[in-house]
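Inspection log for the structure reproduced underneath, given as structure tokens.
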Amino acid sequence: MSTGHILLGLLTERPKHGYELKREHDERLPGARPLAYGQVYATLQRLERDGRVTVAGTVQEAGPERTVYEITEEGAAEVRRWLAEIEPPAPYVSSPLFSRVVMALVAEGAADSYLLQQRAAHLERMRELTARKRTAGVSVGELLAADYALHHLDADLRWMETARQRIDDLIQEIRS
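Counting in numbering that gives the first Met the number 0, the sequence shown runs from 0 upward without gaps.
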């Protein structure tokens, strides 16, 4: 994910200041890692330098004076270009779960115990997400984020079961 593209996308609605962009990012992309304020402002400075946003003015609400940014035509064109790109499927297995299972086999000669503990953690997280989806007032964005996470957790669980079935073969391969 490109933070710059996300901020540009949020600015397509109307001009906003950094604090508002950070808050909207965190609200509209629930489940995503929250943005740090420093990251927001550093990204806005880069976008301004590159001609994708411009300073529209300042506002002073209850707190300090805030710089308001607006998207430029070049910035809007960049958002359209980015949204037209297909996100390529990951070419490599880069999951920490996969790496730990393989290293458990290498270092300890077994991974079944780890897989069972990880399965329990995944099931607990799935219960939390399912309960959250049933909470009154949940936004559509939160529902989409929960569904996305649940599908990924389910895929991990299916992979863990396959791994448990193949552990003996994996151990033999590693020892060869």
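Ideal Cβ placement from N, Cα and C applies to all residues, glycine included. All of these numbers come straight from a predicted model, not from anything done at the bench.
**Study point:** Integer-rounded CB distance, given that arginine 51 should sit under 8 Å from glycine 74
**Key:** 3 Å
Review point. Does the beta-carbon of threonine 11 have 16 or more other beta-carbons within 10 angstroms, so that it is buried, or is it exposed?
Key: exposed
Exercise for review: Check whether the Cβ atoms of arginine 131 and alanine 145 sit closer than 7 Å, and answer yes or no.
Suggested key: yes
Check your understanding: Are the beta-carbon atoms belonging to threonine 42 and threonine 71 less than 7 Å from one another?
Key -> no
Review point. Quick one, are the C-beta atoms of valine 78 and glycine 8 less than 7 Å apart?
Key: yes
Check your understanding: Since glutamate 64 is in the beta strand (DSSP E), which residue starts that stretch and which ends it?
Key -> 64-70
Check your understanding: Quick one, are the C-beta atoms of arginine 99 and methionine 159 less than 7 Å apart?
Key -> no
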